[in-house]
């Protein structure tokens, strides 16, 4: 079974792309979704997060206090490393379990920081990158979240550059047009991935 890695910077539209593949009957394993489940109410990572960062790391409902943790990891690199050391092994284990259970002709593995991680790079057969100009990405994220443009740019600065993503990509979707154009791009790639999966 082929595993297609899917990545793109924040605001590129990778979630919309993964949703479109899902609508075509393709299994999607999403590291972001797994991460949110691990840090939700009764999430598997929460006891260790509270132990590491203290009771302030939990919201009243016992899920992760995202604002507290976000401010902490942006101001303290060692806190970022500590959080990653808790979450990443759990995310990898659950994503691998879902990949092993997949029954579709190929599987999409969506990982925001796929380029930056040798582990994820070794888990895929092809890499699909979703791109859009930075100004458009900032605008999209500001519209959908409570973040300021400056905060979004700070997040972008911690991610792989456009050049790094494009250099690693086997396939690229330029998400700058309408939803219909994006959907057509996904359909074209879907046909190619089905063909490749039959040959493997």
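In this note's numbering, the protein residues as written are 28 to 227. We put the CB at the ideal spot given by N, CA and C, even for glycine. All values reported here derive from a predicted model rather than from experimental measurement.
Per the DSSP secondary-structure output, residue 198 pairs in a beta bridge with 155.
In the three-state reduction of the DSSP assignment, residue 184 falls in the helix class, which pools H, G and I. Bounds of the alpha helix (DSSP H) holding residue 108 are 104 to 128. Residue 34: member of the beta strand (DSSP E) spanning 29 to 34, first to last residue. Residue 133 has 29 as its beta-bridge partners, per DSSP.
Between the stretch 32 to 43 and the stretch 179 to 188, the count of Cβ pairs shorter than 8 Å is three or higher; the stretches touch. Residue 39 and residue 164 do touch by the CB rule: their CB atoms are close to 6 Å apart, below 8 Å.
The three-state secondary structure of residue 88, taken from DSSP, is coil. A residue is called buried once 16 or more other Cβ atoms fall within 10 Å of its Cβ, and residue 83, having fewer, is exposed.
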